[in-house]
Amino acid sequence: MVFTSHIFLFYFLPFVLLFYYLLPKGRNLFLLVVSYIFYGWEEPWFVLLMFLATLVNFICGLFISRPGATHTERHIALVSSIIASLSLLGFFKYFVFMQNNLNSLLSLFGQEAFPVFLVSLPIGISFYTFQSLSYTIDLYRGDARPVSSFTDFACYVALFPQLIAGPIVRYSTIADQLIQREHRIDAFSSGVVLFILGFSKKILLANPMGEIADPVFAAQSPTTLDAWFGVVAYAFQIYFDFSAYSDMAIGLGRMFGFEFLQNFNAPYLADSMTDFWRRWHISLSTFLRDYLYIPLGGNRKGNLRTYFNLAIVMLLGGLWHGASWVFVVWGAYHGIWLAFERWRGKESIYHSLPHCLRILLTFIVVLISWVLFRSTDLLQAGLYLKSMAGMNGSSGGSVLLSAELYNPAHLLPFMASMILSFQPVQAFELAKSLSWWKLVLVSTLFVISVLSLIVQTFNPFLYYQF
Numbered sequence: 004m005v006f007t008s009h010i011f012l013f014y015f016l017p018f019v020l021l022f023y024y025l026l027p028k029g030r031n032l033f034l035l036v037v038s039y040i041f042y043g044w045e046e047p048w049f050v051l052l053m054f055l056a057t058l059v060n061f062i063c064g065l066f067i068s069r070p071g072a073t074h075t076e077r078h079i080a081l082v083s084s085i086i087a088s089l090s091l092l093g094f095f096k097y098f099v100f101m102q103n104n105l106n107s108l109l110s111l112f113g114q115e116a117f118p119v120f121l122v123s124l125p126i127g128i129s130f131y132t133f134q135s136l137s138y139t140i141d142l143y144r145g146d147a148r149p150v151s152s153f154t155d156f157a158c159y160v161a162l163f164p165q166l167i168a169g170p171i172v173r174y175s176t177i178a179d180q181l182i183q184r185e186h187r188i189d190a191f192s193s194g195v196v197l198f199i200l201g202f203s204k205k206i207l208l209a210n211p212m213g214e215i216a217d218p219v220f221a222a223q224s225p226t227t228l229d230a231w232f233g234v235v236a237y238a239f240q241i242y243f244d245f246s247a248y249s250d251m252a253i254g255l256g257r258m259f260g261f262e263f264l265q266n267f268n269a270p271y272l273a274d275s276m277t278d279f280w281r282r283w284h285i286s287l288s289t290f291l292r293d294y295l296y297i298p299l300g301g302n303r304k305g306n307l308r309t310y311f312n313l314a315i316v317m318l319l320g321g322l323w324h325g326a327s328w329v330f331v332v333w334g335a336y337h338g339i340w341l342a343f344e345r346w347r348g349k350e351s352i353y354h355s356l357p358h359c360l361r362i363l364l365t366f367i368v369v370l371i372s373w374v375l376f377r378s379t380d381l382l383q384a385g386l387y388l389k390s391m392a393g394m395n396g397s398s399g400g401s402v403l404l405s406a407e408l409y410n411p412a413h414l415l416p417f418m419a420s421m422i423l424s425f426q427p428v429q430a431f432e433l434a435k436s437l438s439w440w441k442l443v444l445v446s447t448l449f450v451i452s453v454l455s456l457i458v459q460t461f462n463p464f465l466y467y468q469f
């Protein structure tokens, strides 16, 4: 089920909210049931897979937190949790990728390829796998209290507001809220406002930007101007698409008494790649930092080890996004930039440049990475980058610019995206306090978005594929 579908907006969500607040108790169980319905709406068997992952990690958590458990027993339970979770993720997400690469290797030696066994990718598996692991790892470290109820833990893993595309919610951040949470009218109202702002970003900004970017990336040899225009449009699309989902998820959480942490903070105002990753997909970057980078040694074991840790963490972060070499290269690209910035330090000449120029240069570096992220393979990415560099022999005028930019349905969203991407006030902050003008604004945006949704073709969130 998709947040922007009529079924969710006008049937599922009102029904769930109504019965949730009518229930005197058992609200976590109710949320668990409706979350399973939400998740299994199109592929019911995916629910069984998530239930299995939940059960395994809950049992491992019991062994880790068992009174009198030895260090070895706790360690075995943690390793079992990690192996089981990553094996499940690895099979469903990377098995086909590994088969294809094995067949490519065999073909180099003239050997016959194996039949490829196709596996369906359960939506959201990357997110709920990381959430489940955060529970057992935090238990092992002593950073979280064990959950006493399987229902509460299953509710945490399956909670539908952020189940499909994050933000990644660590158990330690909402453990107390699972047991007891406040339901205040101001928090509920703030959640509604944030949900509508996210909904509007998706429908009015992200989707039109996709209509611009898609034909450019589909072109075999776009002109230089088209190539730059297309990747800028995609940069706006992925930002407003993904941050829209996060806003809607956080807003939904507030409606049910949960408070999730902010996931985006004006990433295109970053003046370095290090700063970018402090602002972009914050729940993922902090997860990789705390559960991978620091355990690898962080910056405590010398410069070379620090550079290696940064590179390997971002490479794996790229692979987390998808089973494709473009994601591996995308992650390596970011890792190399982070290592380079660490090597140069804050005393480099770059930091003496005007702040606005550093923002522009960082944005260009990010745009190059989005070419990798958007491309279907490395060949397409290479050809697209050649077009951006004016090396494909088509550096002249732009057919797409004249056809798309001057279309009011695209021009206005593009200008709005440009303005909103480079200003510090975020929807997350805007929804904290309410006033009459905000209520008028969000009501108007909601009506316009619903009307726009009627004429738009189905356009799911980009991060549903991860």
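Each residue of the sequence shown is one higher than the one before, counting from 4 in the numbering used here. Heads up, the beta-carbon is just placed ideally off N, CA and C, and yes, glycines get one too.
Rounded separation between residue i and residue j - CA only
{"i": "residue 418", "j": "residue 133", "result": "36 Å"}
{"i": "residue 361", "j": "residue 273", "result": "8 Å"}
{"i": "residue 191", "j": "residue 454", "result": "25 Å"}
{"i": "residue 317", "j": "residue 28", "result": "43 Å"}
{"i": "residue 231", "j": "residue 332", "result": "20 Å"}
{"i": "residue 355", "j": "residue 224", "result": "38 Å"}
{"i": "residue 50", "j": "residue 177", "result": "22 Å"}
{"i": "residue 217", "j": "residue 412", "result": "15 Å"}
{"i": "residue 167", "j": "residue 310", "result": "32 Å"}
{"i": "residue 161", "j": "residue 173", "result": "13 Å"}
{"i": "residue 256", "j": "residue 434", "result": "13 Å"}
{"i": "residue 187", "j": "residue 19", "result": "17 Å"}
{"i": "residue 125", "j": "residue 350", "result": "46 Å"}
{"i": "residue 80", "j": "residue 69", "result": "11 Å"}
{"i": "residue 395", "j": "residue 220", "result": "14 Å"}
{"i": "residue 53", "j": "residue 128", "result": "8 Å"}
{"i": "residue 315", "j": "residue 298", "result": "12 Å"}
{"i": "residue 423", "j": "residue 240", "result": "12 Å"}
{"i": "residue 385", "j": "residue 377", "result": "12 Å"}
{"i": "residue 270", "j": "residue 41", "result": "30 Å"}
Close-in-space but distant-in-sequence residues of the same chain around residue i (CB under 6 Å, 5 per side omitted)
{"i": "residue 84", "result": "60, 63, 139"}
{"i": "residue 136", "result": "88"}
{"i": "residue 243", "result": "204, 208, 209"}
{"i": "residue 32", "result": "154"}
{"i": "residue 308", "result": "300"}
{"i": "residue 288", "result": "280"}
Buried/exposed call for residue i, threshold 16 Cβ in 10 Å
{"i": "residue 14", "result": "exposed"}
{"i": "residue 284", "result": "buried"}
{"i": "residue 359", "result": "exposed"}
{"i": "residue 22", "result": "exposed"}
{"i": "residue 456", "result": "buried"}
{"i": "residue 182", "result": "exposed"}
{"i": "residue 104", "result": "exposed"}
{"i": "residue 130", "result": "buried"}
{"i": "residue 171", "result": "buried"}
{"i": "residue 94", "result": "exposed"}
{"i": "residue 379", "result": "exposed"}
{"i": "residue 114", "result": "exposed"}
{"i": "residue 226", "result": "buried"}
{"i": "residue 357", "result": "exposed"}
Spatially closest choice to residue i from the options, by CA coordinates
{"i": "residue 425", "options": "174, 415, 438, 366", "result": "366"}
{"i": "residue 154", "options": "129, 439, 357, 37", "result": "37"}
{"i": "residue 206", "options": "440, 49, 5, 437", "result": "5"}
{"i": "residue 142", "options": "66, 152, 116", "result": "66"}
{"i": "residue 392", "options": "46, 370, 380, 410", "result": "370"}
{"i": "residue 57", "options": "91, 294, 296", "result": "91"}
{"i": "residue 319", "options": "80, 44, 194, 97", "result": "97"}
{"i": "residue 445", "options": "195, 189, 112", "result": "195"}
{"i": "residue 334", "options": "353, 312, 383, 352", "result": "312"}
{"i": "residue 363", "options": "249, 148, 275", "result": "275"}
{"i": "residue 263", "options": "249, 271, 269, 290", "result": "249"}
{"i": "residue 238", "options": "258, 215, 352, 253", "result": "215"}
Close-in-space but distant-in-sequence residues of the same chain around residue i (CB under 7 Å, 5 per side omitted)
{"i": "residue 277", "result": "341, 344"}
{"i": "residue 381", "result": "328, 329, 332"}
{"i": "residue 336", "result": "372, 375"}
{"i": "residue 199", "result": "445, 448, 449"}
Sequence-distant residues of the same chain with beta carbon closer than 8 Å to residue i, five excluded per side
{"i": "residue 25", "result": "none"}
{"i": "residue 121", "result": "99"}
{"i": "residue 102", "result": "117, 119, 120"}
{"i": "residue 416", "result": "207, 208, 211, 212"}
{"i": "residue 106", "result": "116, 117, 119"}
{"i": "residue 430", "result": "197, 200, 201, 204, 246, 250"}
Beta carbon proximity, residue i to chain D, threshold 7 Å
{"i": "residue 307", "result": "No chain D is part of this structure, which consists of one protein chain only."}
- Query: Which ranges does the alpha helix (DSSP H) cover as unbroken runs of at least 4 residues, wholly within the region 217–269, from first to last along the chain?
  - Reply: Residue ranges of uninterrupted alpha helix (DSSP H) with 4 or more members, entirely inside the region 217–269 and ordered along the chain, are 227–258.
- Task: Within the region 103–169, note down every full alpha helix (DSSP H) run reaching 4 residues or more, in order along the chain.
- Result: 128–144, 153–161
- Which runs of the alpha helix (DSSP H) fall wholly inside the region 273–350 and span at least 4 residues, in chain order? 276–282, 285–291, 306–324, 328–347
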